[in-house]
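Colleague: Residue 134 in the working numbering sits at position 134 of the sequence shown; the count goes up by one each step and never skips.
Ideal placement from N, C-alpha and C gives every residue a C-beta, glycine not left out.
For clarity, every value in this text was computed on a predicted model and none was experimentally measured.
Got a structure for you, questions after.
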Amino acid sequence: MNIKTTCSLRKRHMSRIFFPEHGRKLKKESGAFFYEGTAPDLVRFFLFCFGSYVGILLYYVIVAKAFSGFSYSACEWDCGWYISIASGGYDLRPHVGGADNGQANWAFFPLFPLLLRAIHAVTGFSYQLSGVLLNNALFPVMAGSAALYLKARRPETNAYVTVLVFFASPFSLYFRVPFTETLYGILLVALLFLLRSERIWLASVVAAFFTASRPTAAPLLAVMGGTRMIAQCLHARLAGGDVRRLIVRAVMQCIALGLVGGVGLVAYMLYLRGHVGDALAFQHIEVAWGRHPGNPLANIWHGLRARDLSVASFLPGHEESLTYFALACVVAAGLILWAFWSGLILEAGLVAVTLLLSTSTGLWSSTRYLYANPVTLMLVAALMQKMPRATCTLILCLFSMVQALFVILWYQGSRFLM
């Protein structure tokens, strides 16, 4: 095989990041690109998603009876900040005194609390209940959609098994409580779908909401847009024809995605500029939580050297373990390498960027950012389905048992889950 042929094959492989059907005409009918089964099959699949989800949710509700009820017991840690934004808006200045001295709710992006406020205004439900209802309605949709996306990327995977991985994962806890994980996740999956099917303008609109949901959204949007542009340029070189026009089109679409998609982030920055005089207040206020910009690798290494892992670090009233967070990051790094090796390049890149962002200012909450993430769970599901069926079943059972324990510890306010 000569050098020219080898380079051509490499370009062809790279172009399949977003164009796995290169050489075949893409189906353009509504939904056909995502799901090749019949409409009844799709209905049956989502009925399975919601049906199996209800059983797990009942456990959350029943256990919460021993505490303050589900909607209030579910509201721990950052939930209180989202409720404060939904009920009273953003702070004018940092808090003085108490456990939250020097802190302010600017660190939390506006999309989720705005939806809580809207649901509260329409229904009269408490903000806590509004958050619980929103997330538990969206989570089965997110899990099912992610499973179908993975099925499109890896036809050998079973969408039903992928959904069970999502529901059984210990960190799916965060998709059920009033946190922003579910909203962020469903927008991320929607973006992956829309970009894959060439619906650029609709993807741009979704991206605008996406960047208003969390600080990490804009960097991930840049990864998706940049990867798509590179893949399209390679595809244009392979397809022949008017290569220059196709490349210009790919670049312009990437720019449009960034400009329209960045509206959510820019709008929040402009609001903060007018409200508190600092457009980057959401970043600067992180110092109040002890978060300072640094080297992600150094932070992970520091966590590994801390050697503070113990049973007590998982119990209520005890400090969390940095070693636990660091080990979780190492596992995530291994998953990323496997995904790259397996050809899931875009998805691996998204998780890799999430890993770097979540550890750049410290290790706290890095497990939530990494594992309460639909792309990470897709990779976990893909890896598990490479294993023997008995092993996959055993892991699902272990996941479920750990999640059951996490729920109790969450209601008790364990710090390692914050």
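Apart from the five residues just before and just after methionine 384, which ones in its own chain have a Cβ nearer than 7 Å to its Cβ?
Modeller: For methionine 384, where only same-chain residues beyond five positions count, the Cβ hits under 7 Å are Val165, Cys392, Ile395.
Colleague: Roughly how many angstroms lie between the CA atoms of arginine 389 and threonine 38, to the nearest whole one?
Modeller: Computed Cα separation, rounded: 27 Å.
Colleague: Round the Cβ separation of valine 177 and cysteine 49 to the nearest angstrom and send it over; I've been treating them as touching at under 8 Å.
Modeller: In fact, because the Cβ distance is near 19 Å, the residues do not count as touching under 8 Å.
Colleague: So the alpha helix (DSSP H) serine 204 belongs to, where does it begin and stop?
Modeller: Looking at the DSSP string, the run of the alpha helix (DSSP H) that includes serine 204 is 200-210.
Colleague: Would you list the residues sitting across from glycine 362 in a DSSP beta bridge?
Modeller: DSSP output for glycine 362 lists Ser360 as bridge partner(s).
Colleague: For tryptophan 77, name the three-state secondary structure that DSSP assigns.
Modeller: Three-state result, tryptophan 77: coil.
Colleague: If you follow the alpha helix (DSSP H) that serine 126 is in, where does it begin and where does it stop?
Modeller: Segment: none, serine 126 is in no alpha helix (DSSP H) and carries neither H nor E.
Colleague: State the DSSP-derived secondary structure class of glutamine 385, mapped to helix, strand or coil.
Modeller: Reduced to three states, the DSSP call for glutamine 385 is coil.
Colleague: Measuring CB to CB, does leucine 370 end up less than 8 Å from serine 360?
Modeller: Cβ distance not < 8 Å, so leucine 370 and serine 360 don't count as in contact.
Colleague: Along the chain, which unbroken stretches of the alpha helix (DSSP H) at least 4 residues long are found entirely within the stretch 275-306?
Modeller: Within the stretch 275-306, the complete alpha helix (DSSP H) runs of at least 4 residues are 281-284, 296-306.
Colleague: Just to confirm the assignment, what range does the alpha helix (DSSP H) spanning histidine 95 have?
Modeller: Run containing histidine 95: none; DSSP gives neither H nor E here.
Colleague: Under the three-state reduction of DSSP, which class applies to asparagine 373: helix, strand or coil?
Modeller: Three-state result, asparagine 373: coil.
Colleague: What distance in whole Å lies between the Cβ atoms of tryptophan 341 and leucine 173, which are believed to be in contact at a cut-off of 8 Å?
Modeller: Not confirmed; about 30 Å, so no contact.
Colleague: Between Glu319, Gly294, Leu315, which lies nearest to alanine 306 when the distance is taken from Cα to Cα?
Modeller: Measuring from the Cα of alanine 306, the nearest candidate turns out to be Glu319.
Colleague: Per DSSP, what kind of secondary structure is phenylalanine 175 in: helix, strand or coil?
Modeller: Phenylalanine 175 falls in the helix class under three-state DSSP.
Colleague: Report the residue ranges of all beta strand (DSSP E) runs contained in full by the stretch 216-240; include only those spanning at least 3 residues, in chain order.
Modeller: The stretch 216-240 contains no whole beta strand (DSSP E) run of 3 or more residues.
Colleague: Output the boundary residues of the alpha helix (DSSP H) element that contains glutamate 181.
Modeller: Residues 181-196.
Colleague: Taking the C-alpha atoms as reference points, what is the distance between aspartate 242 and serine 197?
Modeller: Computed Cα separation, rounded: 22 Å.
Colleague: Would you mind reading off the limits of the alpha helix (DSSP H) that contains phenylalanine 45?
Modeller: 39-64 is the span of the alpha helix (DSSP H), which, as asked, contains phenylalanine 45.
Colleague: Do glycine 131 and tyrosine 82 count as a contact pair if the criterion is CB distance below 8 Å?
Modeller: In contact: tyrosine 82 and glycine 131 (Cβ atoms closer than 8 Å).
Colleague: Helix, strand or coil for serine 68, going by three-state DSSP, please let me know.
Modeller: Note: serine 68 maps to coil in three-state DSSP.
Colleague: Would you mind reading off the limits of the alpha helix (DSSP H) that contains serine 213?
Modeller: No alpha helix (DSSP H) holds serine 213; DSSP gives it neither H nor E.
Colleague: Mind the definition here: the stretch 250-257 touches the stretch 266-285 only if three or more C-beta pairs lie below 8 Å; say whether that holds.
Modeller: Because the criterion of three Cβ pairs below 8 Å is not met, the stretch 250-257 and the stretch 266-285 do not touch.
Colleague: Does DSSP put alanine 419 in a helix, in a strand, or in coil?
Modeller: Outside the displayed span of the chain (1 to 418) sits residue 419, for which this structure offers no information.
Colleague: Work out the CA separation of threonine 162 and tyrosine 149 for me, nearest whole Å.
Modeller: Going by the C-alpha atoms only, they are around 10 Å apart.
Colleague: Hey, could you find the ends of the alpha helix (DSSP H) arginine 244 is sitting in?
Modeller: Unbroken alpha helix (DSSP H) run through arginine 244: 243-261.
Colleague: Taking the alpha carbon of serine 204 as the reference point, which residue from Gln253, Thr182, Ala332 has its own alpha carbon closest?
Modeller: Closest by alpha carbon: Gln253.
Colleague: Helix, strand or coil, according to DSSP, for glutamate 347 in the structure here?
Modeller: In this structure, glutamate 347 counts as helix in the three-state DSSP scheme.
Colleague: Tell me whether the beta-carbon of threonine 227 lies closer than 8 Å to the beta-carbon of glycine 349.
Modeller: The answer is yes: Cβ separation under 8 Å.
Colleague: Kindly confirm or deny that the stretch 260-267 and the stretch 205-217 touch, where touching means at least three C-beta pairs closer than 8 Å.
Modeller: Result yes; three or more Cβ-Cβ pairs closer than 8 Å.
Colleague: Among Glu347, His235, Thr123, whose alpha-carbon lies nearest the alpha-carbon of leucine 220?
Modeller: It is Glu347 whose Cα lies nearest to the Cα of leucine 220.
Colleague: Could you tell me whether any non-hydrogen atom of the ligand MG is closer than 7 Å to the CB of leucine 234?
Modeller: As far as ligands go, the structure on display features none, and thus does not contain the ligand MG.
Colleague: Which residue from Ala381, Tyr53, Cys329 puts its Cα closest to that of tryptophan 364?
Modeller: Comparing Cα-Cα distances from tryptophan 364 to each of Ala381, Tyr53, Cys329, the minimum goes to Cys329.
Colleague: Between Ala152, Ala190, Arg237, which lies nearest to phenylalanine 139 when the distance is taken from Cα to Cα?
Modeller: Nearest C-alpha to phenylalanine 139: Ala190.
Colleague: How far does the alpha helix (DSSP H) with leucine 164 in it extend, from its first residue to its last?
Modeller: It spans 159-168 - the alpha helix (DSSP H) in which leucine 164 sits, taken as one unbroken run.
Colleague: Taking 8 Å as the threshold (C-beta atoms), are leucine 58 and phenylalanine 112 in contact?
Modeller: Going by C-beta atoms, phenylalanine 112 is not nearer than 8 Å to leucine 58.
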